[in-house]
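Undergrad: In terms of the working numbering, the sequence shown opens at residue 97 and continues consecutively.
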Amino acid sequence: MATCGSYCCDGDFNKDDVSTTRTIESCLPLPLPDEILEDIVPKAKDFAILHGAGMRYRSNYDPDSLQLAPFFLLPSAFPRREFDRVVKLQSIVNILMHRIAHDYQFLKDALEKTIKVDDFTRRLWDIYTTVREEGISQLISLGMFRCDYFYSVPSQIAQQVEINTIASSFGALAARISVMHRYVLGEMRKPELLGHLPENDALAGLCGGMIAAWDAYGCPKAVILFIVEDVTYNICDQRFHEYEIRRQRPDIHVIRRNLTQISQRGRLTSDKRLVIDGDEIAVVYFRAGYEPGQYHSEAEWEARLTVERSKAIKSPSIHYHLAGTKKVQQEIARPGVLNKFLSDSEAKLVSQLFTGLYTLDMSPEGDQAVQMAMDNPERFVLKPQREGGGNNVYGQEIRMVLEKIKDSQEREAYILMDRIRPPIQQNYLIRAHEPVKLVEVVSELGIFGTILGTAKDIQFSKFAGHMLRTKLSSVNEGGVAAGLGALDSVFLFD
Ligand code: ADP
Ligand code: MG
97 MATCGSYCCD GDFNKDDVST TRTIESCLPL PLPDEILEDI VPKAKDFAIL
147 HGAGMRYRSN YDPDSLQLAP FFLLPSAFPR REFDRVVKLQ SIVNILMHRI
197 AHDYQFLKDA LEKTIKVDDF TRRLWDIYTT VREEGISQLI SLGMFRCDYF
247 YSVPSQIAQQ VEINTIASSF GALAARISVM HRYVLGEMRK PELLGHLPEN
297 DALAGLCGGM IAAWDAYGCP KAVILFIVED VTYNICDQRF HEYEIRRQRP
347 DIHVIRRNLT QISQRGRLTS DKRLVIDGDE IAVVYFRAGY EPGQYHSEAE
397 WEARLTVERS KAIKSPSIHY HLAGTKKVQQ EIARPGVLNK FLSDSEAKLV
447 SQLFTGLYTL DMSPEGDQAV QMAMDNPERF VLKPQREGGG NNVYGQEIRM
497 VLEKIKDSQE REAYILMDRI RPPIQQNYLI RAHEPVKLVE VVSELGIFGT
547 ILGTAKDIQF SKFAGHMLRT KLSSVNEGGV AAGLGALDSV FLFD
């Protein structure tokens with residue numbers, strides 16, 4: 097019988113002892129008997145693949161076949177109180193990001209030093225100042241955000257890992273895995289557990305945002321443009337967005353182009369309408385453009401500038417993109433900043449989401465943070481201004497990196513963050529072509545939010561669904577595509 101959720105370790109948790117971890121119980125007693133596993137694993141795999149929980153092969157890319165996306169057999173435990181808390185706060189977090197993005201001076205002060213040493217952020221900044229000086233032709237922005245959280249064992253609350261303002265992925269696949277876990281628990285004859293699995297309408301929520309933006313643009317013939325990578329491995333997640341838009345609104349057409357194609361075939365009309373291959377673009381949804389490697393040459397940067405100059409409603413607009421940088425996240429967490437953008441009561445609630453974030457600027461404050469990280473590297477994560485996973489620095493490597501850059505401005509390209517310690521639980525990892533494995537894991541909750549509006553007039557700000565990514569507890573980062581993490585869903589416990 098499931099007794100999900102009670103903490104197993106007793107005694108005082110020493111905040112400073114990073115080797116101390118706590119485990120939580122899985123939603124069912126594990127390991128499962130062999131005969132149950134042999135029955136349920138093929139059923140789960142079939143359900144997943146038949147409902148589109150797939151990805152393209154990274155090696156031997158083949159447009160004619162899909163492989164099963166990695167996933168966990170059972171939903172992972174997450175405390176209900178904290179789930180409810182971050183869900184409730186999402187609409188306020190959306191508004192916070194919207195207001196930050198529209199505060200030129202705040203962004204300038206926050207990023208001033210970063211853009212001197214980080215070329216990618218500088219190029220984004222240059223696009224922003226260019227379109228700002230020319231006069232921004234579309235005042236409405238569409239936010240499709242995802243805030244990521246770990247439940248922290250020492251503080252016993254959910255703490256924010258980061259806020260994504262560009263290319264927040266897995267809304268579609270997360271919703272499918274939620275449904276698969278309902279099926280799995282049903283097949284295991286545990287219907288009494290279904291009340292622990294929250295509904296997840298992430299796909300409908302995110303697509304609803306794009307549709308509202310399309311309506312706001314107000315041109316029935318115009319289309320939605322997905323800006324995509326040259327090769328899309330996470331194709332199911334993206335395509336389901338297209339199908340959901342079509343399901344909700346058969347009158348709206350979606351086209352997909354990469355930045356190179358936009359540079360070759362996109363143009364602006366004299367009144368700043370964006371036209372690609374004859375289609376006027378109402379809404380631009382970026383699923384690429386968040387990392388330097390996606391801009392192969394000046395042509396792709398030109399394409400980004402063309403898009404930003406246009407009247408199309410962008411998700412994200414360039415100022416939303418900048419608001420989502422790690423440096424801005426660190427500046428938002430400074431005492432008193434939230435009160436500039438939110439009411440006192442809202443600021444208080446949002447501030448509780450943050451863990452310690454520290455500037456590495458060339459200043460006494462920055463010197464202190466460097467020293468703190470060198471003294472206790474296991475307690476921190478060192479983050480450059482990059483998205484997409486695999487860029488952060490952990491443990492002893494922090495010391496090595498800081499040793500090299502601590503006396504130069506190069507360190508201003510990074511921020512320092514307290515390392516969050518999530519609880520460990522067990523689950524079965526299912527990956528294509530590999531035997532199912534019982535592993536120790538930690539889970540990161542993503543909360544989606546949508547917002548639409550101008551600086552002064554917000555049409556809506558909503559919670560738009562959730563996702564759970566779970567990774568081996570032994571790894572620092574568990575990218576789903578990299579194979580160390582996998583899709584999961586939430587099993588709430590009290
Ligand atoms: P990215 O933009 O590359 O996704 P993140 O800040 O989300 O950058 O970091 C990537 C991953 O690193 C996270 O998904 C999480 O697993 C891990 N990570 C990031 N920050 C922390 C932290 N403060 N504590 C523990 N793990 C972290
Ligand atoms: Mg992330």
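Glycine included, C-beta positions come from ideal geometry on N, C-alpha and C.
#1: Which of the three DSSP states, helix, strand or coil, is assigned to N572?
#2: How many Å lie between S237 and E131 at the Cα?
#3: Expressed to the nearest angstrom, what Euclidean distance is found between the alpha-carbon atoms of K368 and G282?
#4: Alpha carbons only, please: which of V137, E230, M468, W397 is nearest the one belonging to D215?
#5: How long is the line joining the alpha carbons of V227 and Q357, rounded to whole angstroms?
#6: At the level of alpha carbons, what is the spacing between C243 and N190?
#7: Are the region 303-320 and the region 340-356 in contact at 8 Å, needing three or more beta carbon pairs?
#8: Quick one: is L290 buried, meaning 16 or more other Cβ sit within 10 Å of its Cβ, or exposed?
#9: With a 10 Å radius around its C-beta and 16 neighbouring C-beta atoms as the bar for buried, classify I409 as buried or exposed.
#10: Run the CB neighbour count on F556, radius 10 Å, all protein chains shown included, and call it buried at 16 or more, exposed below.
#11: Given a cut-off of 8 Å on the beta-carbon distance, is the pair K436 and Q481 in contact?
#12: Am I right that D297 and A271 are in contact with their C-beta atoms under 8 Å? What's the rounded C-beta distance?
#13: For I223, which residues of its own chain have a beta-carbon under 7 Å away from its beta-carbon, when the five flanking residues on both sides are left out?
#14: Cα-Cα, which of L299, S441, Y157 is closest to T328?
#15: Buried or exposed for G101, please, with buried defined as at least 16 other CB atoms from any protein chain shown within 10 angstroms of its CB.
#16: Pairing CB atoms from the region 175-191 with CB atoms from the region 385-396, are three or more of them under 8 Å?
#17: For S251 and Q521, which I take to be in contact (beta-carbon distance under 8 Å), what is that distance rounded to the nearest angstrom?
#18: Which of the three DSSP states, helix, strand or coil, is assigned to T99?
#19: If we require 3 or more residues per run, which beta strand (DSSP E) segments fall completely within the region 470-508?
#20: For the region 339-382, list the beta strand (DSSP E) runs that are entirely contained and at least 3 residues long, ordered along the chain.
#21: Report yes or no: do three or more beta-carbon pairs, one from the region 485-492 and one from the region 547-556, lie closer than 8 Å?
#22: Determine the DSSP secondary structure at H562, reduced to helix, strand or coil.
#23: My understanding is that A509 touches T210, with C-beta atoms under 8 Å, so please give their C-beta distance in whole angstroms.
#24: What number of angstroms, rounded off, separates the C-alpha of R363 from the C-alpha of D373?
#25: Within 10 Å of its beta-carbon, does M496 have 16 or more other beta-carbons around it, so buried, or fewer, so exposed?
#26: Could you tell me whether the region 121-140 touches the region 511-527, using the rule of 3 or more Cβ pairs below 8 Å?
#27: Given R181, which residues of its chain have a CB within under 7 Å of its CB, disregarding the five upstream and five downstream residues?
#28: Given 7 Å as the limit, tell me if N156 has its C-beta closer than that to any heavy atom belonging to the ligand MG.
#29: Please identify the residue among G148, A528, Q426 whose C-alpha is closest to the C-alpha of F266.
#30: Can you name the residues that DSSP bridges to K410?
#31: Since F179 is in the alpha helix (DSSP H), which residue starts that stretch and which ends it?
#32: What are the residues that DSSP puts in a beta bridge with C243?
#33: Apart from the five residues just before and just after L512, which ones in its own chain have a Cβ nearer than 7 Å to its Cβ?
#34: With DSSP collapsed to three states, give me the class of K317.
#35: If we ignore side chains and look at the alpha-carbon of each, how far apart do A429 and F450 end up?
#36: Which runs of the beta strand (DSSP E) spanning at least 3 residues fall entirely within the region 388-442, listed in chain order?
TA: Based on what the coordinates show:
#1: Correct three-state label for N572: coil.
#2: A straight line joining the alpha-carbon of S237 with that of E131 spans about 53 Å.
#3: Pairing K368 with G282, the inter-Cα distance amounts to about 53 Å.
#4: W397
#5: 22 Å
#6: 9 Å
#7: yes
#8: exposed
#9: Counting the other CB atoms within 10 Å of its CB gives I409 a total of 16 or more, which places it among the buried residues.
#10: exposed
#11: For the pair K436 and Q481, the CB atoms are not nearer than the 8 Å cut-off.
#12: 7 Å
#13: Once the five neighbours on either side are set aside, the close Cβ partners of I223 are R400, L401, E404, I414.
#14: Y157
#15: Low per-residue confidence applies at G101: pLDDT is 36, beneath 50, and the placement is therefore not dependable enough to give any value.
#16: no
#17: In fact, because the Cβ distance is near 18 Å, the residues do not count as touching under 8 Å.
#18: Annotation note: pLDDT 36 at T99 (below 50); position unreliable, coordinate value reported separately. Coil.
#19: 476-480
#20: 350-353, 362-364, 370-372, 375-382
#21: They do not touch, by the three-pair rule.
#22: strand
#23: 6 Å
#24: 9 Å
#25: Flag for M496 reads exposed.
#26: yes
#27: A254
#28: no
#29: G148
#30: V380
#31: 176-197 is the extent of the alpha helix (DSSP H) around F179.
#32: I259, I543
#33: Result list for L512: Y454, L456, A465, A469, F476, L478, in chain order.
#34: K317 falls in the coil class under three-state DSSP.
#35: When the Cα atoms are used, A429 and F450 turn out to be separated by approximately 7 Å.
#36: 409-411
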